[in-house]
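Chains as they are written, first to last, in the working numbering: chain A, 23 to 163; chain B, 373 to 482. For every residue, glycine included, the Cβ atom is placed at its ideal position computed from N, Cα and C. Being a predicted model, the structure only gives us computed values, none of them experimental. Okay, structure first, notes after.
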């Protein structure tokens, strides 16, 4: 299957100022490719939540976007600390965010549920002390 | 209705994003939990929030909100205003609280 786009952006831990820029860049590229607005909106929600998860919870990582003629794939990878209980993390309202992050309006325990709802396929894999990897797929047809 | 008309009618202070004042306002949304806003906000909404850090602009830009309105004369961080200028998203300040703003915006038909 033809790959129409393949971009990767580093996301720094704790950088609330630049947090969201990777998602914003991906959005612009999807608009240039003429992707439908409702699909872009879903990608934006998933991408932003995944990006902010890296900012809030991790020691840093990256967001990668691949566009094929029939689907968009977003991968969010970070280098730890990993998620102890993935089932719990996927529950709406459950959060391990810091007080600072909560004061800023994050940490509502909605990130992963929002990501899951926004996509057609959702994969999460994590190893404590090593990494968390989220991959989502949104169909274009 | 354009952002500019809301600014004039409610005598809001334009803190940043003047180049975006001709954006069309399509409904009003108020919430301070960013993930909630991200999943429920709609394109063109005027967003009332007490959050003042730069990530507010990232959310507003991704969702293509028409403007951000800060209630109760809250001062906004300069770095947020700079980002709002870059993204052409008007950041407006009011002495009214969020509820009063909603009432007034409703009267205007926003």
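What do you get for residue i, buried or exposed, if any count of 16 or more other CB atoms within 10 angstroms of its CB means buried?
| i | result |
| --- | --- |
| residue 378 of chain B | buried |
| residue 383 of chain B | exposed |
| residue 28 of chain A | exposed |
| residue 411 of chain B | buried |
| residue 423 of chain B | buried |
| residue 436 of chain B | buried |
| residue 122 of chain A | exposed |
| residue 150 of chain A | exposed |
| residue 56 of chain A | exposed |
| residue 164 of chain A | Chain A is shown from 23 up to 163; residue 164 of chain A falls before or after that span and cannot be answered. |
| residue 21 of chain A | In the structure displayed, chain A extends from 23 to 163; residue 21 of chain A sits before or after that span and is not available. |
Within the continuous alpha helix (DSSP H) that includes residue i, where are the two ends?
| i | result |
| --- | --- |
| residue 109 of chain A | 108–111 |
| residue 415 of chain B | That residue, residue 415 of chain B, is in no alpha helix (DSSP H); it is neither H nor E in DSSP. |
| residue 54 of chain A | 43–54 |
Given a cut-off of 9 Å on the beta-carbon distance, is the pair residue i and residue j in contact?
| i | j | result |
| --- | --- | --- |
| residue 69 of chain A | residue 96 of chain A | yes |
| residue 101 of chain A | residue 152 of chain A | yes |
| residue 112 of chain A | residue 89 of chain A | no |
| residue 477 of chain B | residue 418 of chain B | yes |
| residue 135 of chain A | residue 114 of chain A | yes |
| residue 59 of chain A | residue 415 of chain B | yes |
| residue 451 of chain B | residue 421 of chain B | no |
| residue 71 of chain A | residue 126 of chain A | no |
| residue 98 of chain A | residue 78 of chain A | no |
Looking at the unbroken beta strand (DSSP E) that takes in residue i, where does it start and where does it end?
| i | result |
| --- | --- |
| residue 153 of chain A | 153–161 |
| residue 402 of chain B | 400–402 |
| residue 148 of chain A | 143–149 |
| residue 98 of chain A | 93–100 |
| residue 388 of chain B | 385–388 |
| residue 31 of chain A | 25–33 |
Let me see if you follow: with CB-CB separation under 9 Å, is residue i close to chain E or not?
| i | result |
| --- | --- |
| residue 463 of chain B | Structure shown: chain E not included; protein chains present are A and B. |
So if I threshold CB-CB distances at 9 Å, which residues from the region 129–159 of chain A count as touching chain B? 129, 130, 131, 132, 133, 135, 136, 139, 140
Listed in chain order, which residues of the region 439–455 of chain B have Cβ atoms closer than 7 Å to some Cβ of chain A? 451
Report the residues of the region 45–73 of chain A with a CB closer than 7 Å to any CB of chain B, ordered along the chain. Correct list: 45, 46, 49, 66, 67, 70, 71.
For the region 375–398 of chain B, which residues have a CB atom closer than 9 Å to at least one CB atom of chain A, in sequence order? none
Ignoring anything shorter than 4 residues, give me the alpha helix (DSSP H) runs that lie fully in the region 57–82 of chain A, in order along the chain. 59–79
Which of the residues in the region 28–43 of chain A, read from start to end, lie with their CB under 8 Å from any CB of chain B? 38, 39, 41, 42, 43
Against chain A, which members of the region 394–425 of chain B pass a CB distance test of less than 7 Å? Cβ contacts with chain A come from 404, 405, 406, 407, 408, 410, 411, 423, 425.
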